[in-house]
Amino acid sequence: MNFSFDLDGTITKHPEVFQALGRALIAAGHGVVILTGIPRSYFDGIRKEKYPFLYDTSWYQDVITSDHYNTHEAGLAVKVIAGEMDNRDLVGIYKRRVCKERNIAVHFDDDYEHVFAQGEVPVFGVCK
Amino acid sequence: MSFSFSKFIRQGVKLVDKFTQDGQARITHEAWISQDRFGKATYASPVTLRCVIDSRQRIIITTGGQSITIMSTLTFTSPIAPNGASGRREPIDPRDKITLPNGFTGPIIDTSAPIDPRTGAGYIQRIMLGAR
């Protein structure tokens, strides 16, 4: 089975726990990816400083950033810029699609309401 | 399903415990309980614990610049009962003996268990075993 972890507010709040969870899942034969709503260029720029726990790559297999927005999501991004849509709703649409496409069985996220409240993927999350 | 963050972590660990059951192995834990004046250690009776064994070897660099080979990383997704002997670090002390199913028993290089503020126990326990 495949699992995904959100980065900001989830892994960043307890990196040691998610490192241990990821390593255990991979050792048991599952897939683990990090799924974040931030773009790759921003992520690469702050990775070393903000996410030092990612240096050890033994507990995850990929980092999926929002450069993977499809045409529909890129179109909605215009609404976010214009203030007509909450960015968290856009991130939620994007993450739900990625989970479906990548066959993610369970996603861990701190923004349950915006990201997965209406999604099809089982989610563990925190209501803000 | 939504929770407070600490409950979210506890439930997440339980979930991972469930999904790793088939991959969990039984290891033997002998808790260090004392040391005589000649330096000979005494251990509690061996107990069996279940954990996921990651046998990918890694090299870690200590803060002193020393490189150490990690032979196995063990992750315990269910609680480990403390031994209770005085002077121990609970539930795993670096002086404890861990024996894997293949008979390997390397020194405990590092242990970590991020603490759950509600229970005071670790959410999850990780042990790194080095080479003999």
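Going down the list, the protein sequences come from chains W and P.
For the first sequence, the working numbering assigns the number 1 to the initial residue and increments by one for each residue that follows.
For the second sequence, the working numbering assigns the number 1 to the initial residue and increments by one for each residue that follows.
Note that CB positions come from ideal geometry on N, CA and C, so glycine has one too.
In this structure, DSSP gives Y42 (chain W) a helical state, which the three-state scheme calls helix. Rounded to whole angstroms, the separation of the alpha carbons of K97 (chain P) and M85 (chain W) is 57 Å. The shortest CA-to-CA distance from I127 (chain P) to any of P:H29, P:K7, P:G84 and P:V13 is the one to P:H29.
Approximately 15 Å separates the beta-carbon atoms of A28 (chain W) and G12 (chain P); this is outside 8 Å, ruling out the contact. A Cβ of chain P is located within less than 8 Å of the beta carbon of S58 (chain W). Shown here, L76 (chain W) sits in a helix according to DSSP, grouped into three states. Contact with chain P is found for G29 (chain W), since one of that chain's Cβ atoms lies less than 8 Å from the residue's Cβ. Secondary structure of T20 (chain P) (DSSP, three-state): coil.
Counting along the chain, the unbroken beta strand (DSSP E) around Y43 (chain P) starts and ends at A41 to Y43. Take C51 (chain P), set aside five residues on each side of it, and the residues of its chain with a beta-carbon closer than 7 Å to its own are Q24, A25, I27, L74, T75 and F76, in chain order. DSSP, reduced to helix, strand and coil, places S34 (chain P) within a strand of the structure shown.
By the rule that beta-carbons nearer than 8 Å mark a contact, P91 (chain P) does not touch chain W. F19, T20, Q21, D22, G23 and Q24: these are the residues of the region 19-41 of chain P whose beta carbon lies less than 9 Å from some beta carbon of chain W, given in chain order. Listed in chain order, the non-local C-beta contacts of T62 (chain P) below 8 Å within the same chain comprise I68, local neighbours out to five positions each way being set aside. Counting C-beta pairs with one atom in each stretch, the region 41-59 of chain P and the region 108-124 of chain P have fewer than three that are closer than 8 Å, which means they do not touch. The shortest C-alpha to C-alpha distance from L7 (chain W) to any of W:A105, W:V63 and W:G92 is the one to W:V63. At a C-beta separation below 7 Å, L100 (chain P) has no neighbours in chain W, since its nearest C-beta there lies roughly 13 Å away.
Close to chain W, meaning a Cβ-Cβ distance shorter than 9 Å, are the following residues of the region 46-57 of chain P: C51, V52, I53, D54, S55 and R56.
When C-beta atoms of the region 93-104 of chain W are compared with those of the region 28-38 of chain W, three or more pairs fall below 8 Å, so the two segments count as touching. Straight through space, the alpha carbons of P91 (chain P) and E73 (chain W) are spaced by roughly 48 Å. When 7 Å is used as the limit between beta carbons, H14 (chain W) is near these residues of chain P: I9 and P114, in chain order. The CB of T75 (chain P) comes closer than 7 Å to the CB of A20, R23 and A24 in chain W, given here in chain order.
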